[in-house]
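Q:
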Amino acid sequence: MKKNTPFRYDFVGSFLRPQELKDAKVKFEEGLISREELDTIADKAVTDIVKKQKEAGFHVITDGEFRRTFWHLDFMWGFEGVAHEKTGGGVQFNNELAVLDDTYLVGKVRAKAHPFVEYFKFLKQFEDENTVAKYTIPAPAQFYQQMIVPQNYETTKKYYDTNEELIRDIAIAYQDVIKQFYEAGCRNLQLDDCTWGAIVGDAAKQRYQLLGMDLEDIKKQLLEVNNLALEGKPDDMVINSHICRGNYHSTFFASGAYDSVADYVFAKENVDALYLEYDDERSGGFAPLAKVSNDKKVVLGLITTKTPELEDKETVIARIHEAAKYIPLDRLYLSPQCGFASCEIGNKLTEEEQWAKLKLVKEIAEEVWGEQ
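Everything in the sequence shown is counted per the numbering used here, starting at 1388 for the first residue and increasing by one.
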């Protein structure tokens, strides 16, 4: 297919894990089945989710992120210099602790043959004349933030004297992995990035002050690491960014409008499109969209994956036209605000409700822009 992401009706990437896959993962961790047996079950689950995506009429296919536990950390484990352990700790979200593996540095960050590239190759085989395969990975800024959060920063400083050195190594490692994806046939890559959504929150300034860092300097660094990682990317490779404020078991991490980061990520980040969370009042208004550079498309995440209730179609259409006051309608697209299962635990809705959400996205997009 000659078209690339985004599509007028689109989705972010992750899907609710089927029960068979979740059960197999538990059996594998308990030593009851082999890695090969788990991989076989995962292969079937990916094959099934791709079939359902096509049957739903979408032009993009993903593997649902079925082969990973966390949307971001598993990818980081695929680099030299990164270690992790399960301690029962995590990150406090709204009313719930997101239980995540501790992930930290044990050396310099270097690229190696990344296992996600092999996962992409399995997905790639399902592309056809109507669909393109998209792969989702955490943004370089997400990797950077992981290594400078308070619980990791002292460890990081054992290997990096300055943040600039860390930024350089992360960017170079990403350049290598982006090349690996390209050589595997990937032409649609998505950088999932909660850093911009987290930094707009009220607690962000205080969080970085504890590390002796200025919030505006951090914004510059997030932009720098993302753009440096994208230097030299092939001209025929589309790389988009998805921005949200956290998505774990239908909870969120931060709230805040895009106003304070628009001059950075909207205006200056060198991606082709922005998938933006806009499913409730936590995201603020559409006025910051006026800062989006003319070479970018914007995917409005107006349908929530956090609750099963279907949005009112006319209300969503009205919001699309409200956004069009700041950016032309022909540069706007529609999707849910995030995936349905950013982590294995998934959000609080059923698979049937998940597909009803996507059906609504398609129906609205066709009504606004016509059939695609």
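For each residue, glycine too, the CB sits at the ideal point set by N, CA and C.
What's the call for Val1447, buried or exposed, on a 16-neighbour Cβ count within 10 Å?
A: It is buried - the Cβ of Val1447 has at least 16 other Cβ atoms within 10 Å.
Q: Here's the rule: buried if 16 or more other CB atoms are within 10 angstroms of the residue's CB, otherwise exposed. What is Ala1677?
A: By the 10 Å Cβ count, Ala1677 comes out exposed.
Q: At 4 residues or longer, what runs of the alpha helix (DSSP H) sit wholly inside the segment 1414 to 1463?
A: The segment 1414 to 1463 contains these whole alpha helix (DSSP H) runs: 1422 to 1442 and 1460 to 1463.
Q: With the cut-off set at 8 Å, would you say Cys1725 and Val1399 are in Cβ contact?
A: A contact, by the Cβ cut-off of 8 Å.
Q: From the DSSP secondary-structure annotation, give me the bridge partner or partners of Lys1684.
A: Ala1660.
Q: Could you please give me the residues that DSSP links to Ser1628 through a beta bridge?
A: Paired residues: Leu1578 and Leu1661.
Q: Using the C-alpha atoms, what's the distance from Lys1607 back to Ile1428?
A: In a straight line, the C-alpha of Ile1428 is about 43 Å away from that of Lys1607.
Q: So, helix, strand or coil for Glu1483, using DSSP?
A: Correct three-state label for Glu1483: strand.
Q: For Thr1490 and Ile1751, what's the separation of their Cα atoms in angstroms?
A: Approximately 40 Å, taken between the alpha carbons.
Q: Grab me the residues of Lys1592's own chain with a C-beta within less than 6 Å of its C-beta, minus the 5 sequence neighbours each way, in chain order.
A: Answer for Lys1592: Leu1602, listed in chain order.
Q: I'd like to check one pair, Pro1723 with Thr1691: are the Cβ atoms closer than 8 Å?
A: Going by C-beta atoms, Thr1691 is nearer than 8 Å to Pro1723.
Q: Helix or strand or just coil, what does DSSP make of Pro1675?
A: Reduced to three states, the DSSP call for Pro1675 is helix.
Q: Using DSSP bridges, identify the partner residues of Ile1764.
A: The first residue shown for the chain is 1388 and the last is 1759, placing residue 1764 beyond what the model contains.
Q: First and last residue of the beta strand (DSSP E) that includes Pro1723?
A: Its beta strand (DSSP E) spans residues Leu1719 to Pro1723.
Q: In the DSSP assignment, find the unbroken alpha helix (DSSP H) run with Glu1701 in it and report its ends.
A: Looking at the DSSP string, the run of the alpha helix (DSSP H) that includes Glu1701 is Lys1700 to Ala1710.
Q: Locate the beta strand (DSSP E) running through Ala1470, then write down its first and last residues.
A: Per DSSP, Ala1470 belongs to the beta strand (DSSP E) from Glu1467 to Glu1472.
Q: Should Ala1644 and Gly1671 be called a contact, given that it needs their Cβ atoms to be closer than 8 Å?
A: Their beta carbons are under 8 Å apart, which means Ala1644 touches Gly1671 by this criterion.
Q: Mind listing, in chain order, the continuous alpha helix (DSSP H) runs of no fewer than 4 residues lying wholly within the segment 1541 to 1573?
A: Whole alpha helix (DSSP H) segments, 4+ residues: 1550 to 1570.
Q: For Thr1523, is the classification buried or exposed, using 16 other Cβ atoms within 10 angstroms of its Cβ as the cut-off for buried?
A: Buried: at least 16 other Cβ atoms inside 10 Å.
Q: Considering only DSSP beta bridges, list what Arg1497 is partnered with.
A: Answer is Glu1467, bridged to Arg1497.
Q: Would you list the residues sitting across from Tyr1491 in a DSSP beta bridge?
A: DSSP lists Ala1470 as partners of Tyr1491.
Q: Could you tell me the distance, in whole angstroms, from the CA atom of Met1463 to the CA atom of Gln1512?
A: If I take the Cα positions, the gap works out to 25 Å.
Q: Count the other C-beta atoms from every protein chain shown that fall within 10 angstroms of the C-beta of Asp1622, then say buried if there are 16 or more, exposed otherwise.
A: Exposed.
Q: Taking 8 Å as the cut-off, decide whether the C-beta atoms of Asn1613 and Pro1525 are in contact.
A: No; because the gap between Cβ atoms is not below 8 Å, this pair is not in contact.
Q: Assign Tyr1396 to one of three DSSP states: helix, strand, or coil.
A: If DSSP states are grouped into helix, strand and coil, Tyr1396 belongs with the strands.
Q: Report yes or no: is there a C-beta of chain D within less than 8 Å of the C-beta of Asp1563?
A: Within the model displayed, chain D is absent; a lone protein chain is all it includes.
Q: From the DSSP secondary-structure annotation, give me the bridge partner or partners of Gly1477.
A: Looking at the DSSP assignment, Gly1477 forms a beta bridge with Val1486.
Q: Taking contact to mean at least 3 C-beta pairs separated by less than 8 Å, is the segment 1739 to 1749 in contact with the segment 1404 to 1424?
A: No contact exists between the segment 1739 to 1749 and the segment 1404 to 1424.
Q: Counting pairs of beta carbons, one from the segment 1657 to 1668 and one from the segment 1624 to 1637, are three or more of them closer than 8 Å?
A: Output reads yes: the segment 1624 to 1637 touches the segment 1657 to 1668.
Q: Between Glu1467 and the rest of its own chain, which residues show a CB-CB distance below 6 Å, the 5 nearest in sequence each way excluded?
A: Counting only Cβ-Cβ distances below 6 Å, and skipping sequence neighbours, we find Arg1497 and Lys1499.
Q: How many Å lie between Lys1735 and Asn1482 at the Cα?
A: C-alpha separation (whole angstroms): 14 Å.
Q: What do you get for Asn1517, buried or exposed, if any count of 16 or more other CB atoms within 10 angstroms of its CB means buried?
A: Result: exposed.
Q: Taking 8 Å as the cut-off, does the segment 1594 to 1601 touch the segment 1427 to 1442 (at least 3 CB pairs, one atom from each stretch)?
A: Judged by Cβ distances under 8 Å, the segment 1427 to 1442 makes no contact with the segment 1594 to 1601, as fewer than three pairs qualify.
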